[in-house]
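From first to last, the protein sequence lines stand for chains G and C.
Position one of the first sequence corresponds to residue 1 (my numbering), numbered consecutively onward.
Position one of the second sequence corresponds to residue 1 (my numbering), numbered consecutively onward.
Protein chains: 2
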Amino acid sequence: MEKVGLGILGMGTVASGLINIIGINNSKITGSLNKELVINKVLVKSLDKKRDVNLPQEVYTTDAYDVINHKDTQIIVELIGGISPAYEYIKAALNNKKHVVTANKALIATHGEELEELAYKNGVSLMYEASVAGGIPIINTMTDNLCANEITDITGIINGTTNYILTQMAENNLEYEQAVKDAQALGFAEADPSSDVEGDDAAYKLSILSTIAFGQRINVRDIPKEGITKISKEDISYAKELGYNIKLLASASRKGDEIELRVHPAFVPASHPLSTVKNEYNAVFLKGNAVGGLMLYGKGAGSLPTGSAVLGDVMHIVKTGGKAKIDLKKENKYLIANKAHKQYYIRFEVIDKPGVLANIASIFGKNDISLASVVQRQKNGDETAPLVFITHEVDRKNIDAALEEIKDYKNVTQIASIIVVENFK
Amino acid sequence: MEKVGLGILGMGTVASGLINIIGINNSKITGSLNKELVINKVLVKSLDKKRDVNLPQEVYTTDAYDVINHKDTQIIVELIGGISPAYEYIKAALNNKKHVVTANKALIATHGEELEELAYKNGVSLMYEASVAGGIPIINTMTDNLCANEITDITGIINGTTNYILTQMAENNLEYEQAVKDAQALGFAEADPSSDVEGDDAAYKLSILSTIAFGQRINVRDIPKEGITKISKEDISYAKELGYNIKLLASASRKGDEIELRVHPAFVPASHPLSTVKNEYNAVFLKGNAVGGLMLYGKGAGSLPTGSAVLGDVMHIVKTGGKAKIDLKKENKYLIANKAHKQYYIRFEVIDKPGVLANIASIFGKNDISLASVVQRQKNGDETAPLVFITHEVDRKNIDAALEEIKDYKNVTQIASIIVVENFK
Chain G
1 MEKVGLGILG MGTVASGLIN IIGINNSKIT GSLNKELVIN KVLVKSLDKK
51 RDVNLPQEVY TTDAYDVINH KDTQIIVELI GGISPAYEYI KAALNNKKHV
101 VTANKALIAT HGEELEELAY KNGVSLMYEA SVAGGIPIIN TMTDNLCANE
151 ITDITGIING TTNYILTQMA ENNLEYEQAV KDAQALGFAE ADPSSDVEGD
201 DAAYKLSILS TIAFGQRINV RDIPKEGITK ISKEDISYAK ELGYNIKLLA
251 SASRKGDEIE LRVHPAFVPA SHPLSTVKNE YNAVFLKGNA VGGLMLYGKG
301 AGSLPTGSAV LGDVMHIVKT GGKAKIDLKK ENKYLIANKA HKQYYIRFEV
351 IDKPGVLANI ASIFGKNDIS LASVVQRQKN GDETAPLVFI THEVDRKNID
401 AALEEIKDYK NVTQIASIIV VENFK
Chain C
1 MEKVGLGILG MGTVASGLIN IIGINNSKIT GSLNKELVIN KVLVKSLDKK
51 RDVNLPQEVY TTDAYDVINH KDTQIIVELI GGISPAYEYI KAALNNKKHV
101 VTANKALIAT HGEELEELAY KNGVSLMYEA SVAGGIPIIN TMTDNLCANE
151 ITDITGIING TTNYILTQMA ENNLEYEQAV KDAQALGFAE ADPSSDVEGD
201 DAAYKLSILS TIAFGQRINV RDIPKEGITK ISKEDISYAK ELGYNIKLLA
251 SASRKGDEIE LRVHPAFVPA SHPLSTVKNE YNAVFLKGNA VGGLMLYGKG
301 AGSLPTGSAV LGDVMHIVKT GGKAKIDLKK ENKYLIANKA HKQYYIRFEV
351 IDKPGVLANI ASIFGKNDIS LASVVQRQKN GDETAPLVFI THEVDRKNID
401 AALEEIKDYK NVTQIASIIV VENFK
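Written out as structure tokens, the structure is:
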């Protein structure tokens, strides 16, 4: 049987997943390719470390170019992560006419266009399904099955750490700090969780998805980010009461020639499919002008799910002969706008006396903000009371103008929260 | 620019969707193919009918072989439906070395294996994404992105009509008959809805999905079917009370060397993503041994969504050069079992007097059925009262044996419902 040679750069959790799946599902894989996958070389940091995969010792090397230049290798799988040296290795592999499969979101978000052009010039494939949302085949679905669609909207829950924290806060009535500690203890959050909780990780992934969706290079710098660090258990409780769940959304939408992008916490209606995405699960909801609304849901991380995505790309290359994709020149067709024309949830702490609600409502009115609902509740034994509004759709600048006025109003002791309410219109 | 010729057999709603998408999204399509799609011939019943698509009159023909034999046509799209003459046309097209894309579930469920072999022999592709779940790319996801996985479970809501009826019953507290009438008035159900409400349509689709998942030809005859005609608003109300929604599920699962298949109404936990699939939407939840749980959700029918799936297949053929798939010989590796080892919801009407619950529970015990929950309620001004049980997992034969005994017990006036409770273990 014909053999296809693989070289793997890096030997972390995803690489073990990949190697283990090739072992466990070998007959399925060989049957559907009619070819045998052979791992020729694997780049490791140390040759002595004990590993949980079953490969002969001579496969391991500490020299990346043993992997990249191996004469019987057609496909290089990059699983080191980060920009350098992954960037240099992938360029060398592509220039060496090897197909490349990678799970590296930072690299694709930063140098994707250049690497795709290099792959095209060399007549080989560059695939990166595993760079966004782990096992969920969102990238290939957009580029392949939905390629007849103009994608107008993407709304993703694409960071498992923050989704785990928000789910635990909601289900166990925890404060943010406690939920982070629990997530760290269980390995769902890093010791320094900032790249997740500040929204950076989701922004990288959104830049990849929106670049594909709109055919225009979307730079991660152009994506406004707001993390989940200010979400309180009060907000989560009001969300529930009003029929919503709070989720960290990565969203991109196009109206006419304007694109809006954002990573932000948002109220998601309890009846929307994104609301059932809990804990470490991920999902991407998108709208295409032919297919309508479509959601993909699954595991956004982990050894086997991410390995499944990597291997899906590898097998796609083997099955199609690794035809280079069409050279899609990325044009700057669309303007990046930042109107944030949305519904908003706003929570104040106010002095509990007559006229306060009327005064705030009147300031909203002056700024063309109309209200969808109001919740006023008295706290026990407190001088202040929470006052919660949900507005109709309005530009964020109107909200900011109104709040600028409200913050000087002496009966408002705190503007506690401002959170987008997503209505999926 | 190079042209790719299409011929279309049939001119119904999916064909108009397809032709309209090619018109509306032309620049996206041409850009991603670097080739132009040209519709050479369309088979119609009458040349005189006014149509809602923009094609020159000379494209239409009433002779299928004008379409199939057109010298500049590489891809034939079959959208007639039914077995004959679609079967003969597709065979002629494949033998004529044309790639074929079809949305025909009955044909693929019945003759899929033979047609795939014929395509393979002729070195062309046969694709049928649109035959299951409209715009949702479930087939290509399984054959392409998840091809490294052994699929162990498929649970689909793949009939929009029944899902619409059950959603309306639940949301508006309607009896089945009323919900069917409403669905018919809105065009969501046919004048004779039996193929939908009896589960036949879902069984065809499940046979296609499970054939792909298990690599073994699953005949629609081997799928036990139970429709939704006996679901009452009482059952829906108990389901809600117990934390479930009732859905018509098409399910296939493999344990060891046994496969179980079934189309049946089932209790789905309210917290499961399948529970948010409402009205005409479809979804397929599957488990792969690497990817874990994965769900695809979207529109299961309609002109543009189904057209999107057809066009996705057409573009896939153009982009990959229409490589024939590997000839996957379907072996009968697995046994078709019918144990239905599940949790069950059972509703009785009983004479409301002491000892009845104890007697029924004791018959359950004798048949090795253990109980997860019991709901007993008194009806107002009635001699009988409903008595509802949810069992732990047990083979269906134990349930049937217990019910055989219970039906002779004089204090049980009716065995009103037996419905599977799906726990997604």
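Virtual Cβ for every residue (Gly too), placed ideally from N, Cα, C.
Item, Value
"Distance cutoff 8 angstroms, beta carbons only. Does Asn438 of chain C sit that close to anything in chain G?", "Not covered by the structure: residue 438 of chain C. The range shown for chain C is 1 to 425."
"Look up Ser46 of chain C in the DSSP assignment and say whether it is helix, strand or coil.", "coil"
"Any beta carbon from chain C within less than 8 angstroms of Ile351 of chain G's own beta carbon?", "no"
"Are there 16 or more other CB atoms within 10 angstroms of the CB of Lys255 of chain G, so buried, or fewer, so exposed?", "exposed"
"Using a Cβ cut-off of 9 angstroms, which residues of the region 137-151 of chain G contact any Cβ in chain C, in chain order?", "Pro137, Asn140, Thr141, Thr143, Asp144, Asn145, Leu146, Cys147, Ala148, Asn149, Glu150"
"Is Asn140 of chain C buried or exposed, if buried means 16 or more other CB atoms sit within 10 Å of its CB?", "buried"
"Would the beta-carbon of Tyr334 of chain C fall within 8 angstroms of that of Glu258 of chain C?", "yes"
"Just curious, the beta strand (DSSP E) that Asn282 of chain G is in, first and last residue?", "281-288"
"Could you tell me whether the Cβ atoms of Val263 of chain C and Lys247 of chain C are closer together than 8 angstroms?", "no"
"Met315 of chain C versus chain G: which residues are under 7 angstroms apart at the beta carbon?", "Cys147, Ala148"
"DSSP state of Glu226 of chain G, grouped into three classes?", "coil"
"Closer than 7 angstroms, Cβ to any Cβ of chain C: which residues of the region 296-309 of chain G, in chain order?", "Leu296, Tyr297, Gly298, Lys299, Leu304, Pro305, Gly307, Ser308"
"Considering just the uninterrupted stretch of the beta strand (DSSP E) at Gly7 of chain C, what are its terminal residues?", "3-9"
"At 8 angstroms on the CB atoms, spell out the chain C contacts of Pro426 of chain G, in chain order.", "Outside the shown range of chain G, which is 1 to 425, sits residue 426 of chain G, and nothing can be said about it."
"Look at the alpha carbon of Ser373 of chain G and the alpha carbon of Lys379 of chain G, and state the distance between them as a whole number of angstroms.", "19 angstroms"
"Among residues of its own chain, excluding the 5 on either side of Asn95 of chain C, which ones have a beta-carbon nearer than 6 angstroms to its beta-carbon?", "none"
"Which of the three DSSP states, helix, strand or coil, is assigned to Thr73 of chain C?", "coil"
"Which residue wins for smallest C-alpha separation from Arg347 of chain G, given the options G:Glu114, G:Val53, G:Ser237, G:Ile218?", "G:Ser237"
"Output yes or no for whether 8 angstroms exceeds the beta carbon distance between Leu357 of chain C and Gln343 of chain C.", "no"
"Just grab the DSSP bridge partners of Lys247 of chain C for me.", "C:Ala266"
"For a minimum of 4 consecutive residues, which ranges assigned as the alpha helix (DSSP H) are wholly contained in the region 365-409 of chain G?", "396-406"
"So what does DSSP say about Tyr89 of chain C, is it helix, strand or coil?", "helix"
"Of the choices C:Glu78, C:Pro354, C:Leu304, C:Gly156, whose alpha-carbon is the least far from that of Thr384 of chain C?", "C:Pro354"
"8 angstroms is my cut-off, CB to CB: does Gly496 of chain C come that close to chain G?", "As shown, chain C starts at 1 and ends at 425. That puts residue 496 of chain C outside it, with no answer to give."
"Say whether chain C places a C-beta atom closer than 8 angstroms to the C-beta of Val291 of chain G.", "yes"
"Cutting at 8 angstroms between CB atoms, please list the residues of its own chain near Ile363 of chain G, excluding the five before and the five after it.", "Ala402, Glu405, Ile406, Tyr409"
"Is the region 165-177 of chain C touching the region 305-314 of chain C, taking contact as three or more C-beta pairs under 8 angstroms?", "no"
"Using a C-beta to C-beta distance shorter than 8 angstroms, which residues of chain G count as neighbours of Thr276 of chain C?", "Ser271, His272, Pro273, Ser275, Thr276"
"Measuring only the C-alpha atoms, how far is Val350 of chain G from Asn411 of chain G?", "6 angstroms"
"Between which two residues does the beta strand (DSSP E) containing His316 of chain G stretch?", "It is not in any beta strand (DSSP E) - His316 of chain G instead sits in the alpha helix (DSSP H) that spans 303-320."
"Measuring CB to CB, does Val101 of chain G end up less than 8 angstroms from Val318 of chain G?", "no"
"For the region 194-216 of chain G, enumerate the residues whose C-beta is nearer than 8 angstroms to any C-beta of chain C, in chain order.", "Gly215"
"Strictly by DSSP, which residues pair up with Ala183 of chain C?", "Beta-bridge pairing links Ala183 of chain C to no other residue."
"Using a 10 Å radius around the Cβ and a threshold of 16 neighbouring Cβ atoms, would you call Asn26 of chain C buried or exposed?", "exposed"
"Distance, Cα to Cα, Ser32 of chain C vs Thr320 of chain C?", "12 angstroms"
"In angstroms, rounded to a whole number, what distance separates the CA positions of Asp352 of chain C and Ala361 of chain C?", "15 angstroms"
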